[in-house]
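Trainee: Please find one structure pasted underneath; my questions will follow.
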RNA sequence: GCCGCGUUGGUCAAGGGGUUAAGACGCCUCCCUUUCACGGAGGAAUCACGGGUUCGAAUCCCGUACGUGGUACCA
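Residue numbers (the numbering used here): 617 to 1125.
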């Protein structure tokens, strides 16, 4: 095992949006594989035909692309171990299910859903609210263990609907070493006889994951902790089918929690933060769920915040690029406990990445956003200069609209409350004269504008500070933004003078 | 109910027998800046509880509580 090439897989089922936790599972898979020069495979687990959702698979790949976590093998990227959609591998599983039955590790069960429901209902007590199809009841049900062989053959030949169930052994301790949790063990008699092959011929997750991990030569299997309870089934299947020595090493990742319990789409809606990587439009429900991308997150920030939600490198470093993560990630330092997702901290990561990355990395996205809000961008050099000037003030990419909009469109509302109480005729006189001097100014640059502003203030015997705030309101509309003279210098002489004049009429109204 | 997993400030977390129990987010105060930020300096706030073991426990052991996942012909 040690000398084999590392191969990991992410195995989503295409039933909806791609959740935070899903992306983190992808990330850890990816980091682990890339660090060891291995392969990252995406396999689509679409064995439940009733839950198929149009467009979900394509959406998952779009999200991975946005995150920059590209698979080496997948239904769209190809590879030698395909097909990579379980629905297209249907014929494979039956053989293994039959092998298990032949060896006495599994059996055919003919119980109808109604019979199953009746069993659960009849056996239900306060002590045992959810009875299982297990060693205690299997001999009372309709299966190849309880009916004669000839009868079973007949039912099979007649095409009677049936499933294949694993026969869980009695009181056997099943244990394994998880890469995160270390030794974990279970008593086989507390787990039920899970269905392996459904009546429609499709495998359940339990059979499919084992067969495909084997066939695809997976060496390390990362999955959410919600799978830990069914690990004994998978381990038994490995033992029965392919040998424990070939089983991948398991790592059960801690869950990402919401404000109350496991993080859900609902939490996002309730508390106002995204839960999916990208916008997900559920056409059947006509429901749009917001994504981190559309909320204004940079993929670098998204990856970064997910990486450190449950992992850290033991130093004080918090900002990591994908390359650094590949270098520094270690599964040993992944936390055992679930982590509550904190949107405030998530925003901080994005803010750090906005500051860290040059505008050239995200200018295009901001530009598209501006255009969608009706602002024409004709001069890219100017646009980039503006973004560079305001980027320290932005937490999300969408903040650029508010922080830089006035560089393109003059304000139509002014924070007059900030100036009116202290407004005087002397100030009006100052600004009128200032406009004249600006018109005559030969070198339109920040320091020249500032110089004449301060000199003129002195001749009017007004402190420059008394005039700077009004000037800001005139140019910006509100009490925010970079240095006023920088703004004036960028928007140009005509625009500056026009905005001052316009505002003067408002202030004096 | 049963089974599994977990538990260091509000949140993310370092630390794994002797520490003033790091750091970050958020919050508060101050400095910088006559805007808002950025940056800088401070502050409040933590080892779930109970028993052991030990000279000494946040760290090891056992209970309890709480949280969380599973208990489907869903993944």
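Ideal Cβ positions, reconstructed from N, Cα and C, are used throughout, including at glycine. This structure is a prediction, so every number in the text was calculated from the model and none was measured.
(1) With a threshold of 6 Å on Cβ separation, who are the neighbours of residue 749 within its own chain once the five nearest residues in sequence on each side are excluded?
(2) Helix, strand or coil: which one does DSSP assign to residue 973?
(3) If you pair each beta-carbon of the stretch 1027-1044 with each one of the stretch 1084-1093, do three or more pairs fall below 8 Å?
(4) Starting from the N-terminal side, write out each stretch of the alpha helix (DSSP H) that is 4 residues or longer and does not extend beyond the stretch 1015-1079.
(5) Whole angstroms is fine: what's the gap from residue 878's alpha carbon to residue 1028's?
(6) What's the gap between the Cα of residue 902 and the Cα of residue 866?
(7) Should residue 1053 go down as buried or exposed, given a rule of 16 or more other Cβ atoms within 10 Å for buried?
(8) How long is the line joining the alpha carbons of residue 1005 and residue 941, rounded to whole angstroms?
(9) Considering residue 682, what are the terminal residues of the beta strand (DSSP E) in which it resides?
(10) For residue 778, count neighbouring Cβ atoms within 10 angstroms of its own Cβ and tell me buried if that reaches 16, exposed if not.
(11) Roughly how many whole angstroms lie between the Cα atoms of residue 1126 and residue 730?
(12) Quick one: Cα of residue 801 to Cα of residue 849, how far?
(13) Between residue 1106 and the rest of its own chain, which residues show a CB-CB distance below 8 Å, the 5 nearest in sequence each way excluded?
(14) Three-state secondary structure (DSSP) at residue 894?
(15) Who are the near neighbours of residue 721 in its chain, counting only those whose CB is closer than 7 Å to its CB and skipping five residues on each side?
(16) Could you check which residue in 1069, 935 and 826 has the C-alpha nearest to that of residue 1043?
(17) Give the DSSP bridge partners of residue 802, in chain order.
(18) State the DSSP-derived secondary structure class of residue 988, mapped to helix, strand or coil.
(19) Quick one: grab the DSSP three-state call for residue 784.
(20) Taking the alpha carbon of residue 632 as the reference point, which residue from 894, 1099, 990 and 833 has its own alpha carbon closest?
(21) How many angstroms separate the CA atom of residue 686 from the CA atom of residue 914?
(22) Is the stretch 942-956 touching the stretch 867-887 in the sense that three or more CB pairs, one from each, lie closer than 8 Å?
(23) For residue 943, count neighbouring Cβ atoms within 10 angstroms of its own Cβ and tell me buried if that reaches 16, exposed if not.
(24) Are the CB atoms of residue 823 and residue 709 within a distance shorter than 7 Å?
(25) Please list, in chain order, all residues of the same chain as residue 907 whose beta carbon is under 6 Å from its beta carbon, the five residues on each side excluded.
(26) Based on the DSSP output, what are the partners of residue 728 in its beta bridges?
(27) What is the rounded straight-line gap between the Cα of residue 683 and the Cα of residue 645?
(28) Provide the residue span of the beta strand (DSSP E) that contains residue 872, from first to last.
(29) Report yes if the C-beta distance between residue 938 and residue 919 is below 7 Å; otherwise report no.
(30) With DSSP run on the structure shown, which of helix, strand or coil describes residue 822?
(31) Note down the Cα distance separating residue 743 from residue 737, rounded to an integer number of angstroms.
(32) Going by DSSP, what residue range makes up the alpha helix (DSSP H) through residue 714?
(33) Answer with buried or exposed for residue 962, where buried requires no fewer than 16 other C-beta atoms within 10 angstroms of its C-beta.
(34) Quick one: what does DSSP say residue 779 is sitting in, helix, strand or coil?
(35) For residue 978, which of 988, 1014 and 992 has the nearest alpha-carbon?
(36) Please return the same chain residues whose Cβ sits closer than 7 Å to the Cβ of residue 1083, not counting the five positions on each side in sequence.
Mentor: This is what the structure holds:
(1) Locating residue 749 in the first chain gives position 133, counting from the first residue. Cβ neighbours of residue 749 within its own chain (closer than 6 Å, five residues either side excluded): 808 and 809.
(2) On the first chain, residue 973 is found 357 positions in, with the first residue counted as 1. Here residue 973 sits in coil by DSSP.
(3) yes
(4) The stretch 1015-1079 contains these whole alpha helix (DSSP H) runs: 1015-1020, 1041-1056 and 1062-1075.
(5) Stepping through the first chain from its first residue, residue 878 is reached at position 262. Stepping through the first chain from its first residue, residue 1028 is reached at position 412. Looking at the two C-alpha atoms, the distance is approximately 45 Å.
(6) As a working mapping, residue 902 is identified with position 286 in the first chain. As a working mapping, residue 866 is identified with position 250 in the first chain. Roughly 38 Å separates the two Cα atoms.
(7) Locating residue 1053 in the first chain gives position 437, where the first residue counts as 1. Flag for residue 1053 reads exposed.
(8) Position 389 of the first chain, counted from the start, is the residue given in the question as residue 1005. Position 325 of the first chain, counted from the start, is the residue given in the question as residue 941. Spanning the two alpha carbons is a distance of roughly 30 Å.
(9) Position 66 of the first chain holds residue 682. Here residue 682 belongs to no beta strand (DSSP E); instead the alpha helix (DSSP H) covers 672-683.
(10) Counting from 1 along the first chain, the entry for residue 778 is found at position 162. Counting Cβ neighbours within 10 Å, residue 778 comes out buried, since at least 16 surround it.
(11) This structure leaves residue 1126 out entirely; the chain is present only between 617 and 1125.
(12) Locating residue 801 in the first chain gives position 185, counting from the first residue. Locating residue 849 in the first chain gives position 233, counting from the first residue. Each residue's Cα considered, the two are about 12 Å apart.
(13) The residue labelled residue 1106 in the question sits at position 490 within the first chain. 998, 1001, 1002, 1005 and 1023.
(14) Locating residue 894 in the first chain gives position 278, counting from the first residue. Reduced to three states, the DSSP call for residue 894 is coil.
(15) Locating residue 721 in the first chain gives position 105, where the first residue counts as 1. Result list for residue 721: 782, 783 and 856, in chain order.
(16) Translated into positions along the first chain, residue 1043 becomes position 427. Closest by alpha carbon: 1069.
(17) Stepping through the first chain from its first residue, residue 802 is reached at position 186. Looking at the DSSP assignment, residue 802 forms a beta bridge with 790.
(18) Counting from one through the first chain, the residue named residue 988 turns up at place 372. In the structure shown, residue 988 sits in a helix (DSSP, three-state: H, G or I).
(19) Residue 784 sits at position 168 when you count from the first residue of the first chain. Coil.
(20) If you number the first chain from 1, residue 632 lands on position 16. Among 894, 1099, 990 and 833, the Cα nearest to that of residue 632 is on 894.
(21) Position 70 of the first chain, counted from the first residue, corresponds to residue 686. Position 298 of the first chain, counted from the first residue, corresponds to residue 914. Going by the C-alpha atoms only, they are around 17 Å apart.
(22) yes
(23) As a position in the first chain, residue 943 is number 327, starting the count at 1. Under this definition residue 943 is an exposed residue.
(24) Position 93 of the first chain, counting from 1, holds the residue named residue 709. Position 207 of the first chain, counting from 1, holds the residue named residue 823. For residue 709 and residue 823, yes; Cβs fall inside 7 Å.
(25) In the first chain, counting from the first residue as 1, residue 907 sits at position 291. The answer, listed in chain order, is 890, 892, 893, 894 and 895.
(26) Locating residue 728 in the first chain gives position 112, where the first residue counts as 1. According to DSSP, which records beta bridges pairwise, residue 728 is partnered with nothing at all.
(27) Translated into positions along the first chain, residue 683 becomes position 67. Translated into positions along the first chain, residue 645 becomes position 29. Their Cα atoms are separated by approximately 14 Å.
(28) Indexing the first chain from 1 puts residue 872 at position 256. For residue 872, the uninterrupted beta strand (DSSP E) segment begins and ends at 872-874.
(29) Locating residue 938 in the first chain gives position 322, counting from the first residue. Locating residue 919 in the first chain gives position 303, counting from the first residue. Yes, the pair counts as a contact, with Cβ atoms nearer than the cut-off.
(30) Position 206 of the first chain, counted from the start, is the residue given in the question as residue 822. Three-state result, residue 822: helix.
(31) The sequence position of residue 743 within the first chain is 127, counting from 1. The sequence position of residue 737 within the first chain is 121, counting from 1. Computed Cα separation, rounded: 13 Å.
(32) In the first chain, residue 714 corresponds to position 98, counting from 1. Looking at the DSSP string, the run of the alpha helix (DSSP H) that includes residue 714 is 706-718.
(33) Counted from its first residue, the first chain places residue 962 at position 346. Its Cβ being crowded by 16 or more others within 10 Å, residue 962 is buried.
(34) Along the first chain, one-based indexing puts residue 779 at 163. Of the three classes helix, strand and coil, the one that applies to residue 779 here is strand, per DSSP.
(35) On the first chain, position 362 is the one that residue 978 refers to. Cα-wise, what sits closest to residue 978 is 1014.
(36) Numbered from 1 along the first chain, position 467 holds the residue referred to as residue 1083. If we look at residue 1083 and ignore the five residues flanking it on each side, its Cβ neighbours are 1043, 1046 and 1073.
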